[in-house]
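A short worksheet on the structure shown next.
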Amino acid sequence: MPHRPRCRPGWRGPLCNECMVYPGCRHGYCNGSAWQCICDTNWGGILCDQDLNYCGTHEPCMHGGTCENTAPDRYRCTCAEGLSGARCEIVEHPCAPQPCRNGGTCALTPGTRDSPSSSSTVASIVVRGMRGMSSMGKPFGRSAATDAKEPKSSSSATSASSSSGASAAGTSSSSSSISGSSSSASSSSSSSSSASSSSGPQPMKDFVCTCAPGWTGPTCEINIDECADAPCQNGGTCIDLIGKFRCECPPQWTGDTCQKDVDECESNVASGLGPCINAESCRNLPGSFQCSCLEGWGGPTCATNLDDCVGKCKNGATCIDLVNDYHCACAVGYTGRDCSTDINECANFPCRNGGECVDFIGHFKCICPPGFSGTLCEVSDGPVASSNSCPHTHTLMRTDGARMVNAKSSHATGGFIVTCATSLAVF
Numbered sequence: 001m002p003h004r005p006r007c008r009p010g011w012r013g014p015l016c017n018e019c020m021v022y023p024g025c026r027h028g029y030c031n032g033s034a035w036q037c038i039c040d041t042n043w044g045g046i047l048c049d050q051d052l053n054y055c056g057t058h059e060p061c062m063h064g065g066t067c068e069n070t071a072p073d074r075y076r077c078t079c080a081e082g083l084s085g086a087r088c089e090i091v092e093h094p095c096a097p098q099p100c101r102n103g104g105t106c107a108l109t110p111g112t113r114d115s116p117s118s119s120s121t122v123a124s125i126v127v128r129g130m131r132g133m134s135s136m137g138k139p140f141g142r143s144a145a146t147d148a149k150e151p152k153s154s155s156s157a158t159s160a161s162s163s164s165g166a167s168a169a170g171t172s173s174s175s176s177s178i179s180g181s182s183s184s185a186s187s188s189s190s191s192s193s194s195a196s197s198s199s200g201p202q203p204m205k206d207f208v209c210t211c212a213p214g215w216t217g218p219t220c221e222i223n224i225d226e227c228a229d230a231p232c233q234n235g236g237t238c239i240d241l242i243g244k245f246r247c248e249c250p251p252q253w254t255g256d257t258c259q260k261d262v263d264e265c266e267s268n269v270a271s272g273l274g275p276c277i278n279a280e281s282c283r284n285l286p287g288s289f290q291c292s293c294l295e296g297w298g299g300p301t302c303a304t305n306l307d308d309c310v311g312k313c314k315n316g317a318t319c320i321d322l323v324n325d326y327h328c329a330c331a332v333g334y335t336g337r338d339c340s341t342d343i344n345e346c347a348n349f350p351c352r353n354g355g356e357c358v359d360f361i362g363h364f365k366c367i368c369p370p371g372f373s374g375t376l377c378e379v380s381d382g383p384v385a386s387s388n389s390c391p392h393t394h395t396l397m398r399t400d401g402a403r404m405v406n407a408k409s410s411h412a413t414g415g416f417i418v419t420c421a422t423s424l425a426v427f
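One point on numbering: in UniProt numbering, the residue at position 233 of the sequence shown is 233, and numbering is uninterrupted.
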C-alpha cells in the first residue's frame with residue numbers, strides 16, 4: 001500500500017498542495033493559502049454565512065411586494081396597497097393580492113369587509129380598485145418599520161408580522177377568505193356560461209373582476225377567441241390576438257375581413273391590362289379576372305402561344321409554329337401551303353430521245369424508245385434501221401457533229417448515228 005504523506009494543518013492532497021478553507025466557512029473558498037474563507041458572490045461575514053442578496057436568493061416578499069436588501073441577511077418589503085406584514089403576507093381585503101389577471105380591475109362585492117354598504121349594482125360600489133399583476137400599487141402606509149430578518153421559527157415570523165400593528169392580526173381572516181374564493185371561482189365558471197364569454201364584471205365570493213378587452217373568466221384568465229365566429233371572409237385565415245383579430249387574405253381579396261375584391265386589372269397602370277400580357281382587354285371579376293387574348297395567344301394571362309400547327313401540314317411535312325400562323329416544311333415530292341400538292345417531276349420533260357416520263361412521289365422514271373437506255377434515255381444502243389422504228393409522233397434524224405440534220409430517208413446513211421426526235425434542232 002503506497003505511503004500517503006501527512007500534510008501540515010490547512011493542506012491536503014497527494015502532494016499536500018491543496019489548500020483547505022477555514023473551519024466553518026460555509027460559502028467560501030481558499031485561494032492558494034491555508035485557512036482562508038474567501039466568500040462566494042452575494043455572501044459575506046467571517047465565515048461567509050451572511051446572505052448579502054437575501055432578496056434575490058429567497059424572494060421573501062409576497063403578493064408582488066418590492067424587496068430591498070438592507071444588510072446581510074436582512075431585507076425590507078414594500079407592500080402594495082391593502083397588504084401588510086414583514087413579507088406582505090397579511091391581506092387587508094380580497095383585492096389586495098391582485099387576483100384579477102391580464103389587466104383586469106378588481107372591486108369588492110357588497111357586504112365584504114372594507115366595502116361600503118350599498119344595494120346598488122357592482123359597478124357603482126367599486127372601492128380601491130386594484131389593477132392586474134403588472135401594477136405594484138403604491139407602498140402600503142402601514143408597512144413594517146423595521147428591517148425583517150429571515151424567520152427562524154413560526155413564533156419569530158409572527159413577531160415580525162405583528163410589527164405592522166393591529167391590522168396584521170385583524171386581516172388574517174381575509175387572507176383565508178381570498179384563498180377560499182378561488183374554489184368559488186371554479187364553480188362560478190362552470191355554472192355560468194355568460195361569465196366565460198364576456199369581458200364584463202366577473203363575480204367572485206368577495207370581489208368582482210372587470211376584465212380588459214379580450215379576456216374573460218372569474219379572474220380574467222381566459223383569452224377570448226375572436227376568431228371563433230370565423231370573421232374572415234373569402235378564404236381568409238384568422239389570427240387571434242389579445243382583444244382583436246387579424247385576417248390574412250388571399251391575393252384576390254383585401255380589407256379587415258377580406259371583404260373587398262382586389263381589382264387585378266389595375267395592377268399594371270401603364271398598360272391598363274393588369275396581369276394580362278398579349279391581350280386586348282382585362283375584365284375584373286369577384287376574386288379573379290379575365291383576359292381577352294389577341295389572336296394566337298391563350299392561357300389565363302394570354303402568355304401562351306397557341307399551337308397553330310394542329311392538323312395543318314400533310315404528307316409527313318414538319319410544321320413550324322408561328323404567332324397566329326404556321327409554316328410547313330414539305331417532304332420531298334410535295335409542295336403547297338399544307339404540302340398537299342404532289343410535285344410533277346415530268347413537267348420539265350427530263351426524258352431524252354423520245355423517252356416517256358412517268359411521275360412518282362419525289363421522283364420520275366423514263367421509259368426509253370428502242371435503241372436508247374439510261375436514266376434519261378441518254379445512251380444510244382446503235383443505229384436505227386428505218387423510220388418505222390420511231391413512234392408515229394417522232395421523226396427519224398441523225399447527228400452530224402454538233403448539228404442535228406433532218407433525216408427523212410428510211411435508212412441510215414453515211415455511217416452517222418440515226419436517232420428519233422420530235423423536231424429538228426440546232427445546238
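No residue lacks a Cβ here, since even glycine has one placed at the ideal position from N, Cα and C.
How about residue i and residue j: are their beta carbons less than 8 Å apart?
i	j	result
ALA96	ALA80	yes
ASN53	ASN42	yes
MET62	GLU18	no
GLN233	GLN259	yes
ASP342	ILE361	yes
PRO72	ASP51	yes
CYS227	CYS220	no
ASN284	ASP256	no
PRO110	PHE207	no
VAL323	ASN305	yes
ARG26	MET20	no
ALA303	ASN315	no
GLU92	GLY82	yes
THR301	CYS309	no
GLY236	ILE224	no
ALA317	TYR334	yes
CYS106	TYR75	no
What residue does the alpha helix (DSSP H) around residue i start on, and which one ends it?
i	result
HIS58	54-58
Taking residue i as part of the beta strand (DSSP E), name the residues at either end of that continuous run.
i	result
HIS363	363-367
CYS328	325-329
SER267	Premise fails: SER267 is in no beta strand (DSSP E) and is neither H nor E.
LEU294	From DSSP, LEU294 is part of no beta strand (DSSP E); its letter is neither H nor E.
ARG76	74-78
GLU89	Counting along the chain, GLU89 falls outside any beta strand (DSSP E), and DSSP gives it neither H nor E.
ASP225	That residue, ASP225, is in no beta strand (DSSP E); it is neither H nor E in DSSP.
GLU68	66-71
LYS244	244-248
PHE349	Segment: none, PHE349 is in no beta strand (DSSP E) and carries neither H nor E.
SER281	279-285
VAL208	207-210
CYS357	356-360
THR239	Note on identity: in this sequence residue 239 is Ile, with Thr being the wrong assignment. 237-241 is the extent of the beta strand (DSSP E) around ILE239.
LEU108	105-108
THR375	Looking at the DSSP string, THR375 is not in any beta strand (DSSP E), and its letter there is neither H nor E.
ILE320	318-322
Can you tell me whether residue i is buried or exposed, with buried defined as 16 or more other CB within 10 angstroms of its CB?
i	result
TYR29	exposed
HIS363	exposed
ARG101	buried
ASN278	buried
ASP307	exposed
LEU15	exposed
ALA212	buried
GLU59	exposed
PHE349	exposed
ILE320	exposed
ILE46	exposed
GLY272	exposed
SER186	Any reading at SER186 needs caution, since the residue's pLDDT is 30, under 50, leaving its predicted position unreliable; the model's value is listed next. Under this definition SER186 is an exposed residue.
ARG4	exposed
SER288	exposed
LYS152	Caution applies to LYS152, whose pLDDT of 42 falls short of 50 and renders its modelled position unreliable; the model cannot decide the point.
ILE239	exposed
LYS84	With the sequence shown as reference, residue 84 is identified as Ser, and Lys is not the correct amino acid for it. Its Cβ being crowded by 16 or more others within 10 Å, SER84 is buried.
LYS205	buried
ALA329	exposed
ALA230	exposed
PRO99	buried
Is residue i near the ligand NAP, in the sense that its beta carbon is under 7 Å from a heavy atom of that ligand?
i	result
PRO275	Of the ligands one can find in the structure shown there are none, so the ligand NAP has no counterpart to examine.
### Query
Are three or more beta carbon pairs between the segment 371-379 and the segment 349-358 nearer than 8 Å?
Cβ pair count under 8 Å is three or more, so yes.
### Message
For the segment 33-40 against the segment 59-78, do three or more pairs of beta-carbon atoms, one drawn from each stretch, fall closer than 8 Å, so that the two count as touching?
### Response
These segments do not touch.
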